[in-house]
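Colleague: Numbering (this note's numbering), first residue to last: 451 to 582.
Below is one structure. I have some questions about it.
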Amino acid sequence: VETAQYIGECALQMQERLKSEAGKAKTFVNSHLFVFHHVKPLQSFSKPLLEGYQSGMRTGGKSDAMWCLLFNVFVLHATGKPLKVIEEQCQASITQMVELKEEDQASMQRMYWQLYLNLMGSSNNTVELSGK
């Protein structure tokens, strides 16, 4: 874990030193999703994931931007935000993912969306991934 954290911190430092937006979304999503969740509080993840999302959208890295967006919604869930807020963010992100033709992220987000609807008691069919 210490070695992974060191490598993740080095990746963030290199990204910062480059003063380049290119690759920022990929660096942020990979370091936070695969490394830092072991050693940092999840509450600290939303800001970098949203920054990664914005950077990816600015630089044409839409796939990595959508991964940042997807995992930011999951962080909202994991940190105990209200289900209605999470459900609304989930629905909005799916719309954007579909518009950008990022179907892998949209498919995964649809599963989470159904989970949130089920937890809220808002779905008549709890196994069909239909959203509302």
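Think of the CB as a built atom: it goes at the ideal place given N, C-alpha and C, for glycine as much as any other residue.
Here the structure is a predicted model, which is why all the values come from computation and not from measurement.
Just to confirm before moving on: does the CB-CB distance between Ala-528 and Tyr-503 stay below 8 Å?
Modeller: Not in contact: Ala-528 and Tyr-503 (Cβ atoms no closer than 8 Å).
Colleague: May I ask you to verify whether the stretch 531-545 touches the stretch 562-572, counting CB pairs closer than 8 Å and requiring at least 3?
Modeller: Yes: the two stretches touch, three or more of their Cβ pairs being nearer than 8 Å.
Colleague: Where does Ala-472 sit, in a helix, a strand or coil, going by DSSP?
Modeller: DSSP places Ala-472 in coil when its eight states are reduced to three.
Colleague: Tell me the DSSP secondary structure of Thr-453 in three-state form.
Modeller: Residue state, collapsed to three classes: helix.
Colleague: As a quick exercise: from Leu-567, Asn-480, Ile-457, pick the residue whose alpha carbon is nearest that of Ala-515.
Modeller: Comparing Cα-Cα distances from Ala-515 to each of Leu-567, Asn-480, Ile-457, the minimum goes to Asn-480.
Colleague: Excluding five sequence neighbours on each side, which residues of the same chain lie with their C-beta closer than 7 Å to the C-beta of Met-507?
Modeller: Around Met-507: Ala-515.
Colleague: Can you give the Cα-Cα distance for Val-525 and Glu-549, rounded to whole angstroms?
Modeller: Val-525 and Glu-549: Cα-Cα distance of roughly 23 Å.
Colleague: Using 10 angstroms around the beta-carbon of Met-547, count the other beta-carbons present and answer buried if the total reaches 16, otherwise exposed.
Modeller: That one is buried.
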